[in-house]
Every structure is written in C-alpha cells, then in structure tokens.
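Engineer:
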Amino acid sequence: MHRRRLVLGLGFCLLVGTSLSVLWAYVENWLPVSYVPYYLPCPEIFNMKLHCKREKPLQPVAWSQYPQPKLLEHRPTQLLTLTPWLAPIVSEGTFNPELLQHIYQPLNLTVGKYTHFIQSFLESAEEFFMRGYRVHYYIFTDNPAAVPGVPLGPHRLLSTIPIQGHSNWEETCMRRMETISQHIAKRAHREVDYLFCLDVDMVFRNPWGPETLGDLVAAIHPSYYATPRQQFPYERRRVSTAFVADSEGDFYYGGKVFGGQVARVYEFTRGCHMAILADKANGIMAARREESHLNRRFISNKPSKVLSPEYLWDDRKPQPPSLKLIRFSTLDKDISLRS
1 MHRRRLVLGL GFCLLVGTSL SVLWAYVENW LPVSYVPYYL PCPEIFNMKL
51 HCKREKPLQP VAWSQYPQPK LLEHRPTQLL TLTPWLAPIV SEGTFNPELL
101 QHIYQPLNLT VGKYTHFIQS FLESAEEFFM RGYRVHYYIF TDNPAAVPGV
151 PLGPHRLLST IPIQGHSNWE ETCMRRMETI SQHIAKRAHR EVDYLFCLDV
201 DMVFRNPWGP ETLGDLVAAI HPSYYATPRQ QFPYERRRVS TAFVADSEGD
251 FYYGGKVFGG QVARVYEFTR GCHMAILADK ANGIMAARRE ESHLNRRFIS
301 NKPSKVLSPE YLWDDRKPQP PSLKLIRFST LDKDISLRS
C-alpha cells in the first residue's frame, strides 16, 4: 500500500542587508493551482505612473460589530486562544505535543531550513526545529561561498540556491516577496506542501513543531501585541495599496515569520509583490515597506492560524508573564557581530 508521504523543508534567503528563510514541505499529490511564472518587474514599469481602476475595497466592519481582538483579553498572564474568525492562536499550553507527534510522525515528515547569522540560526534549528523529522534547508543567497558548514543530523540536508544581489537593503527587503513567489512558481510547487518564511537574524530558543502548520500562518509582532489598532504602524496614506483605515485591523503581524500551505503562500506573496510594484510605479514606499503590505493582505486574507509572540520575540525586551516560554527570537546584532 502506498503511504502518503509528507516532506517539510525550511529554506533561507541570505540577501544584502537582510535575510529570509523558508520552510518547505512536500506531499505526493496534485495541487489544483496554476503557477504561471511571471517576470515583473521589468525596468519600464518604474518609468511611468500606473493609471488603473482600483478594485473597490471591502468596507471595514463597524467596531460595535467587530471590536479589535486583544491578545491579553482576560488577564495579563493569560493569552487569547481564538481569533474572531475562529483561527487558533498558538502558544504554550494550547496544544498537546505528544498528540501532534502521533498525528504527524507516521506521515514520514521531512522538514527543510540560514554567514554569521546563518550559523547561529542553523545550529539552533538543529537543536529545536522539527526534531524527529527529516529536514532540508534551502538557502537562497547572492554569496554561496559565505554559507558556513554546519554539522547536520541524520536525514537533514542543506541546499544553496544562488540569487541576484541588490544595491541597497531597502531594495532587498522589497524584493523578498518576489523571490519567494517566483521560486514557488518555478520549482517549489512541485516539491513542497508547506512553506514558512523566517528572517535569519533569529535563533530558536525552544522546540518549534508541527503545531505551527496551517493553511496560512501569521505571527503577532512582539512590539504591538498589547497596542490598540489605531496605534499600529500601518500605512495610513490612501495613495498606497497598503493603506489601512483606523477602523481596520486585528493584530499587527511581524514580517519575520509567516507561512502556510505552498499554494496559499504563493498567492499571498505574489499579491504582496504586485501591490509593492504598483506603489513603486507611483513613487510610493509604504511606511514599513513589505511588512506594511503583509499586514494589509492579512486583513483581507485572514490567517487560518496565528502564532503568539513566543514564536517571534525580541531578546531586547523582558519576557512578560503572559509568555510561558520563548521559541524563536531576534539576535542582538551588536553582540552577535562582536562575538
């Protein structure tokens, strides 16, 4: 009897000024999604203004009908566990790791995963990321020779994929969505089922397992989990495709962690990339660059699973009593670069 085979992989993009990583998974089935490779941006698109009829945006639901969800809804030491659209919010104590192991281990999981930062990332991933599963690290970089050799455990592999470098870090940041979506269209949709995009200036602190898998997954930004939505750093200019009204928004999501099923991630990143292109053609850069577009898109395309800040923490902040542990956090760049 042919057993359904699930293969996960986490890949990382090492780019000028920033890095990104991608979690891949593969299932031997056919995905009914059209992955037509596209080759924007062409240079000409940036030499003209875009004059197109914009799609009428969805009207935000009134606050009286849809109040902002608060992660610390009940008391300071207890996190919200469900969004208003019934997506689970994953944090310590909301899942049974033994049960998840019984569900995913028989599927024969293989999980795939990022120079100075890459080494710390990989070493911590080997210790904590999807332990017990087969792992394949995909590293996208404009400098393959700089990828360090990190000892990998049994059934854990690493592939380096060269990409074009860019002249400045802002351009690098704005091209991440393009890099991800084009790679899915050209290759990954034939090889993977799940994909996570993670920044490389991060380290794993505690186990990260299959509780994070979902159709479309977002992570709450550690700086805004207790902030009213009127104070979120959304793009507030109506001329931008990333515009968010004061009455819109659920959580402010971090751009360092997002993912889900490969078909959904393809649609998500391609949509973000096209919105970024439209802004660039009109001489606009969103307030938080690609993170602004990511948040705009998550408002219109609700994530099916939300990760609490324990999956996206900042080590410069004290750990609050509401977070029982920290699984994935930002490196202190100054300390890391001096070590």
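The opening position of the sequence shown corresponds to residue 1 in full-length UniProt numbering, with each subsequent residue numbered one higher. Idealized CB from N, CA, C, for every residue including glycine.
#1: Does the separation of the CB atoms of Leu157 and His136 fall below 7 angstroms?
#2: In terms of residues, what are the limits of the beta strand (DSSP E) holding Ser159?
#3: Does the Cβ of Arg327 have 16 or more other Cβ atoms within 10 Å, making it buried, or fewer, making it exposed?
#4: Check for me: the alpha helix (DSSP H) holding Lys186 runs from which residue to which?
#5: At which residues does the alpha helix (DSSP H) containing Lys280 begin and terminate?
#6: Smallest Cα separation from Pro303: which of Gly214, Pro144 and Pro210?
#7: Whole angstroms are fine: how far does the CA of Pro207 sit from the CA of Glu123?
#8: Terminal residues of the continuous beta strand (DSSP E) containing Leu287?
#9: Between the Cα of Asp314 and those of Arg134, Tyr224 and Ala286, spot the shortest distance and give me the residue it belongs to.
#10: Just reading off the alpha helix (DSSP H) that Leu122 is part of, what are its end residues?
#11: Grab the span of the beta strand (DSSP E) containing Ala218 for me, first residue to last.
#12: On the three-state DSSP scale, how would you describe Ser329?
#13: Could you tell me the alpha carbon to alpha carbon distance between Asn295 and Phe251, rounded to whole angstroms?
#14: State the DSSP-derived secondary structure class of Arg238, mapped to helix, strand or coil.
#15: DSSP on Leu312, reduced to helix/strand/coil?
#16: Counting pairs of beta carbons, one from the stretch 191 to 198 and one from the stretch 262 to 279, are three or more of them closer than 8 angstroms?
#17: Alpha carbon to alpha carbon, what distance is there between Asp199 and Leu86?
#18: Using DSSP bridges, identify the partner residues of Val306.
#19: Should Pro321 go down as buried or exposed, given a rule of 16 or more other Cβ atoms within 10 Å for buried?
#20: What is the C-beta distance between Met202 and Leu331, in whole angstroms, given that I count them as a contact (C-beta under 8 angstroms)?
#21: Can you round the beta-carbon distance between Gly249 and Phe232 to whole angstroms, since I take them to be within the 8 angstroms contact cut?
#22: Where do the N-terminal and C-terminal ends of the beta strand (DSSP E) with Phe140 fall, by residue?
#23: Does the Cβ-Cβ distance between Leu312 and Pro222 come in under 7 angstroms?
#24: Between the alpha carbons of Gly132 and Ser329, how many angstroms are there, rounded?
#25: Is Val90 closer than 7 angstroms to Leu323 when the C-beta atoms are compared?
#26: Would you mind giving the Cβ-Cβ distance between Lys305 and Pro88, rounded to the nearest angstrom? I have them listed as a contact below 8 angstroms.
#27: How long is the line joining the alpha carbons of His155 and Leu79, rounded to whole angstroms?
#28: Span of the beta strand (DSSP E) holding Tyr194?
#29: Exposed or buried, which one is Arg134 when buried takes at least 16 other CB atoms within 10 Å?
#30: Looking at Tyr234 and Phe298, is the spacing between their C-beta atoms short of 7 angstroms?
#31: Could you spell out the range, first to last residue, of the beta strand (DSSP E) harbouring Phe204?
#32: Using 10 angstroms around the beta-carbon of Leu82, count the other beta-carbons present and answer buried if the total reaches 16, otherwise exposed.
#33: Of all the options Thr160, Phe129, Thr179 and Ile184, which has the alpha carbon lying nearest to the alpha carbon of Tyr266?
#34: Can you check whether the CB of Gln119 is closer than 7 angstroms to the CB of Val150?
#35: Can Thr160 and Ile139 be called in contact, C-beta distance under 7 angstroms?
#36: To the nearest angstrom, report how far apart Phe129 and Arg236 are at their CA atoms.
Structural biologist: Considering the structure as presented:
#1: yes
#2: Arg156 to Pro162
#3: buried
#4: Arg176 to Lys186
#5: Val262 to Ala281
#6: Gly214
#7: Rounded to the nearest whole angstrom, the C-alpha separation of Glu123 and Pro207 is 13 angstroms.
#8: It should be pointed out that residue 287 corresponds to Ala in this sequence rather than to Leu. Run containing Ala287: none; DSSP gives neither H nor E here.
#9: Tyr224
#10: His116 to Phe128
#11: Leu216 to Ile220
#12: Reduced to three states, the DSSP call for Ser329 is strand.
#13: Distance between Asn295 and Phe251, taken at the CA atoms: about 9 angstroms.
#14: coil
#15: coil
#16: Under the three-pair Cβ rule at 8 angstroms, the stretch 191 to 198 counts as touching the stretch 262 to 279.
#17: 27 angstroms
#18: Ile89 and Ala218
#19: It counts as exposed.
#20: 6 angstroms
#21: 6 angstroms
#22: Val135 to Thr141
#23: In terms of Cβ geometry, Leu312 and Pro222 form a close pair [threshold 7 angstroms].
#24: 22 angstroms
#25: In this structure, Leu323 keeps its C-beta atom at 7 angstroms or more from the C-beta atom of Val90.
#26: 6 angstroms
#27: Cα-Cα distance, rounded: 36 angstroms.
#28: Tyr194 to Leu198
#29: buried
#30: no
#31: Judged by DSSP secondary structure, Phe204 falls within the beta strand (DSSP E) whose first and last residues are Met202 to Phe204.
#32: exposed
#33: Just measuring C-alpha positions, the residue of Thr160, Phe129, Thr179 and Ile184 sitting nearest Tyr266 is Ile184.
#34: yes
#35: Cβ distance < 7 angstroms, so Thr160 and Ile139 count as in contact.
#36: Each residue's Cα considered, the two are about 37 angstroms apart.
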